[in-house]
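Participant:
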Amino acid sequence: MQGTRLGSAVSIVALCGFVFVAGCDRQPGQPRPEPTTAAPTPKPTEDTTPGKTAETSPASSTHACYLSVDGQVRVEGPCLVFPFGDGGYTMNAWSNGKPAQSHFAVVTTNGDGTADATWNADPDDTRAGDPLGTVTFADGCWTNDRARICAGMR
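In terms of this note's numbering, the numbers along the sequence shown are unbroken and rise by one, the last being 1179.
#1: Start and end of the beta strand (DSSP E) containing H1088?
#2: When DSSP builds the beta bridges, which residues end up paired with W1144?
#3: Assign G1177 to buried or exposed, taking buried as 16 or more other Cβ atoms, counted over all protein chains shown, within 10 Å of its Cβ.
#4: What does a CB cutoff of less than 7 Å around D1155 pick up in its chain, not counting 5 residues either side in sequence?
#5: Distance, Cα to Cα, H1088 vs N1135?
#6: Once the 5 residues before and after Q1097 are set aside, which same chain residues still bring their CB inside 6 Å of it?
#7: Relative to the C-alpha of R1022, which residue among S1086, C1090, R1099 is closest?
#8: Does T1168 come out as helix, strand or coil in the three-state DSSP assignment?
#9: Just to confirm my understanding: we take P1103, look at its own chain, exclude 5 residues before and 5 after, and list those with CB closer than 8 Å. What are they?
#10: For the beta strand (DSSP E) that contains G1180, what are its first and last residues?
#11: Within the same chain, show all residues whose beta-carbon is closer than 7 Å to that of P1124, passing over the 5 residues directly before and after it, in chain order.
#12: Could you tell me whether the Cβ atoms of A1140 and T1133 are closer together than 7 Å?
#13: Spatial neighbours of D1095 within its chain, please: C-beta separation below 7 Å, excluding the five flanking residues on both sides.
#14: Starting from the Cα of N1121, find the closest Cα among G1138, G1158, F1107, S1093 and give me that residue.
#15: Straight-line CA distance for S1127 to S1085?
#16: Pop quiz: T1159 and G1138 are said to be a contact at Cβ under 8 Å. What is the actual Cβ separation, rounded to whole angstroms?
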């Protein structure tokens, strides 16, 4: 009879241990967590903008450039222009290394016919952190009282 009791006790302990282990990751009264499945990987959506292809991305190209600030011509001649796609651009981009005339300007359009312009007042500065103010587009250039920024026909 003692062997049966011992066997029953072992079975009860084993069963209790299984129940304990199976539920040890949650507090009493908490529901069992749902099994997790991996979320589906999102698929890119196709851009349906007229005239735009899936492989379209801005790239710098050479243009006739002109930059004058406070009456001094800083850039004149061919330079790389990196378009932003909304009418704004970086004029005299350093995509192929630092050019001989190393001043550059960034024109960021505002959507109301104006743009904000910045430049690198220090020709060795790699950021256009010096504000030129709000500019408007006229005769192929972005201009204000301080600056004239042209990339293309002027």
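We put the CB at the ideal spot given by N, CA and C, even for glycine.
Facilitator: Put simply:
#1: 1086-1094
#2: A1130, D1155
#3: exposed
#4: T1143, W1144, N1145, A1146
#5: 23 Å
#6: none
#7: Residue 1022 falls outside the range modelled here, since the chain spans only 1026 to 1179, and no answer is possible.
#8: strand
#9: T1087, H1088, A1089, C1090
#10: The requested residue 1180 is not part of the displayed model; the chain covers only 1026 to 1179.
#11: C1104, N1117
#12: yes
#13: R1171
#14: F1107
#15: 16 Å
#16: Not really, about 10 Å apart at Cβ, beyond 8 Å.
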